[in-house]
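Visitor: Start counting the sequence shown at 9; every next residue gets the next number (my numbering).
Where a beta carbon is used, it is the ideal one built from N, C-alpha and C, also for glycine.
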Amino acid sequence: MTHDTSFPKHRSFDKHRSLPDEVRLENAMAGFVAEFGPAAQTWMNACVRCGLCAEACHFHLATGDAKYIPIHKIKPFEDAYSLTHGPFSWLNGLLGRKPKLTIEELGEWEELIYDSCNMCGRCTLACPMGIDIAELVKEARRGMYAAGLLPDRLARIVGNAEKQHSPFGTPEDFRRTIRKIEKEYGVSLPLDREKADVLMTLTPEELENRHLGVAGMARVLHHLGLDWTLCSDAFEATNFGYLSGNMELQGELTVRLIDKARQIGARMLIVPECGHAWGATRWEAAKWYGEPVNDIEVRHIVEVLADAVEEGRLKCRPVGESVTFHDPCQQIRRGGLEEKPRILMRALGMELREMDPHGTEGFCCGGGGGVLANDRAAPLRLKAFEIKKRAVEATGADRFVTSCNICEMTLERDITATGFEKPIESLIDLIGTHMITDQPPLKAPGRRTARKPAERKPAGRKASARKKG
Ligand code: SF4
Ligand code: SF4
Numbered sequence: 009m010t011h012d013t014s015f016p017k018h019r020s021f022d023k024h025r026s027l028p029d030e031v032r033l034e035n036a037m038a039g040f041v042a043e044f045g046p047a048a049q050t051w052m053n054a055c056v057r058c059g060l061c062a063e064a065c066h067f068h069l070a071t072g073d074a075k076y077i078p079i080h081k082i083k084p085f086e087d088a089y090s091l092t093h094g095p096f097s098w099l100n101g102l103l104g105r106k107p108k109l110t111i112e113e114l115g116e117w118e119e120l121i122y123d124s125c126n127m128c129g130r131c132t133l134a135c136p137m138g139i140d141i142a143e144l145v146k147e148a149r150r151g152m153y154a155a156g157l158l159p160d161r162l163a164r165i166v167g168n169a170e171k172q173h174s175p176f177g178t179p180e181d182f183r184r185t186i187r188k189i190e191k192e193y194g195v196s197l198p199l200d201r202e203k204a205d206v207l208m209t210l211t212p213e214e215l216e217n218r219h220l221g222v223a224g225m226a227r228v229l230h231h232l233g234l235d236w237t238l239c240s241d242a243f244e245a246t247n248f249g250y251l252s253g254n255m256e257l258q259g260e261l262t263v264r265l266i267d268k269a270r271q272i273g274a275r276m277l278i279v280p281e282c283g284h285a286w287g288a289t290r291w292e293a294a295k296w297y298g299e300p301v302n303d304i305e306v307r308h309i310v311e312v313l314a315d316a317v318e319e320g321r322l323k324c325r326p327v328g329e330s331v332t333f334h335d336p337c338q339q340i341r342r343g344g345l346e347e348k349p350r351i352l353m354r355a356l357g358m359e360l361r362e363m364d365p366h367g368t369e370g371f372c373c374g375g376g377g378g379v380l381a382n383d384r385a386a387p388l389r390l391k392a393f394e395i396k397k398r399a400v401e402a403t404g405a406d407r408f409v410t411s412c413n414i415c416e417m418t419l420e421r422d423i424t425a426t427g428f429e430k431p432i433e434s435l436i437d438l439i440g441t442h443m444i445t446d447q448p449p450l451k452a453p454g455r456r457t458a459r460k461p462a463e464r465k466p467a468g469r470k471a472s473a474r475k476k477g
């Protein structure tokens, strides 16, 4: 099945907000109700109020504020459920009761739905009833978005994604940037090839600020001998529809990538260092086609590299220092890739000192799920960072790395804001710079846009030198 990938016109977010309150409320309820599938209905009836999820959430642990208890965050969703689908909802209809929720109440809940939930799934893991609170928050966002209740900055980013498929810019902006990276680093970036085995995607952050990472990744893909391409009309991996609750946009962005992969005859679509991009494309694509997407293998870049190491196709010079690893929630806890980055760290000859907790139980960086794109949430996010900071310090490791762009940007900002001494680095960049290859070396970066993530900073140097993101 192929879809039209021309840019459709979405209703803008501002237009939603200008609607009368009753209409916005109706839209919110319709959005909530649309998400009341069998799983959501089961979960809504299953909570036994045991409170175990409270101890799982970094925002609750960092503040002690009861409003951040995970199950509490989906209250409007629960209320909408009990009014329309709950065991006594028939009585509401009989008595002609109107929904009790008001737009003001929903506005008050906006902070809980968008600022204080990364949809990281740590509470999901803790719940003895198997309630996927992260998924319920995601579903609740659909109603909130429909009512025009979205943090301002996130709304602006989503607006750009609606207009041109990527907040980064138009296909022309993309082509110009790709050619610029080629010139800057002397690397070839295949673009708009009509046929290729692999469709590679990127994030806005990589295109704006992480050119060295893009060049390094291209070098690795060439080294592995993959037949790959970037496409200027399907390059955006980050799914702002998924993050905001704009389901129409979520579907459009995913379908655009899968359809493009089919159009060029690709058998694999590689998702870059982005957490929710992986979830939206790998786990949710089938939703938009009504059937499993079996002909396109959606793979995270970490998997591709780890498999190449295990098959002996990728070897690295040893870094020879100790490292601690921040586990990106969407890759590790919700994506099942716990072992993959560890394979890469072993390939780099690094001594891994695990944080407590780590792996599937690791704490979120605090910026995922659109929280980083929401300026208003920064003070709360910084409080949650204290948990991560203590865990990193306790390991005594020389280096601190991760394998997700969003985690890296979040931790960079938090490190800068708090003066924490240990910079965060990209595992993929380390592979790109330590890979043993006969590929030509990258030209030395000569522009502001390039950072030097894999070059060891002198001990004690402040991470604020890397202020960006
Ligand atoms: S998904 Fe993560 S951030 Fe959201 S409530 Fe659960 S533990 Fe907290
Ligand atoms: S852990 Fe599960 S059952 Fe217990 S309060 Fe939280 S959501 Fe409800």
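Tell me the DSSP secondary structure of Met-490 in three-state form.
Guide: Since the first and last residues shown for the chain are 9 and 477, residue 490 lies out of range.
Visitor: Return the chain-ordered ranges of every alpha helix (DSSP H) run that is complete within the stretch 397-440 and spans a minimum of 4 residues.
Guide: 413-426
Visitor: Terminal residues of the continuous beta strand (DSSP E) containing Leu-207?
Guide: 206-208
Visitor: Determine the DSSP secondary structure at Met-152, reduced to helix, strand or coil.
Guide: helix
Visitor: The beta strand (DSSP E) that contains Arg-307, what's its start and end?
Guide: 305-308
Visitor: Here's the rule: buried if 16 or more other CB atoms are within 10 angstroms of the residue's CB, otherwise exposed. What is Gln-49?
Guide: exposed
Visitor: How big is the Cα-Cα spacing for Trp-236 and Ala-169?
Guide: Spanning the two alpha carbons is a distance of roughly 25 Å.
Visitor: Going by alpha carbons, who is nearest to Lys-268 out of Glu-318, Glu-401, Ala-245 and Asp-241?
Guide: Asp-241
Visitor: Measuring alpha carbon to alpha carbon, tell me which residue in Ala-381, Gly-343 and Val-400 is nearest Met-363.
Guide: Val-400
Visitor: Going by the beta-carbon positions, is the gap between Ile-77 and Gly-283 smaller than 7 Å?
Guide: no
Visitor: Could you tell me the distance, in whole angstroms, from the CA atom of Glu-119 to the CA atom of Lys-75?
Guide: Separation of Glu-119 and Lys-75 (C-alpha to C-alpha, rounded to the nearest whole angstrom) is 10 Å.
Visitor: What is the C-beta distance between Gly-343 and Trp-286, in whole angstroms, given that I count them as a contact (C-beta under 8 Å)?
Guide: 6 Å
Visitor: Among the residues of its own chain, which have a CB less than 7 Å from the CB of Glu-190, if the five just before and after it don't count?
Guide: Contacts found: Ser-196 and Leu-197.
Visitor: So Asn-392 and Gly-367 are supposed to be a Cβ contact under 8 Å. How far apart are they, rounded?
Guide: Going by the sequence as given, residue 392 is Ala instead of Asn. With 8 Å as the limit, Ala-392 and Gly-367 do not qualify as a contact, their Cβ atoms being about 19 Å apart.
Visitor: Of all the options Cys-412, Gly-156 and Pro-387, which has the alpha carbon lying nearest to the alpha carbon of Ala-70?
Guide: Of Cys-412, Gly-156 and Pro-387, the residue nearest in Cα terms is Pro-387.
Visitor: Please find out if some non-hydrogen atom of ligand 1 comes closer than 6 Å to the beta-carbon of Pro-365.
Guide: no
Visitor: At 3 residues or longer, and completely inside the stretch 290-330: list those beta strand (DSSP E) runs for me, N to C.
Guide: Complete beta strand (DSSP E) runs here, min 3: 305-308.
Visitor: With a threshold of 6 Å, establish whether the CB of Cys-239 neighbours any heavy atom of ligand 2.
Guide: For Cys-239, the CB stays at least 6 Å from every heavy atom of ligand 2.
Visitor: Please name the residue or residues paired with Phe-276 in a DSSP beta bridge.
Guide: Sequence check: residue 276 is Met here, not Phe. Under DSSP, Met-276 forms a beta bridge with Val-206 and Glu-305.
Visitor: Ordered along the chain, which non-local residues of its own chain (more than five positions away) have a Cβ less than 6 Å from that of His-230?
Guide: Gln-447
Visitor: Tell me the rounded alpha-carbon separation between Gly-233 and Ala-314.
Guide: Distance between the alpha carbons of Gly-233 and Ala-314: 15 Å.
Visitor: Return helix, strand or coil for Leu-450, following the three-state DSSP convention.
Guide: Looking at Leu-450 - three-state DSSP - the assignment turns out to be coil, as it is neither helix nor strand.
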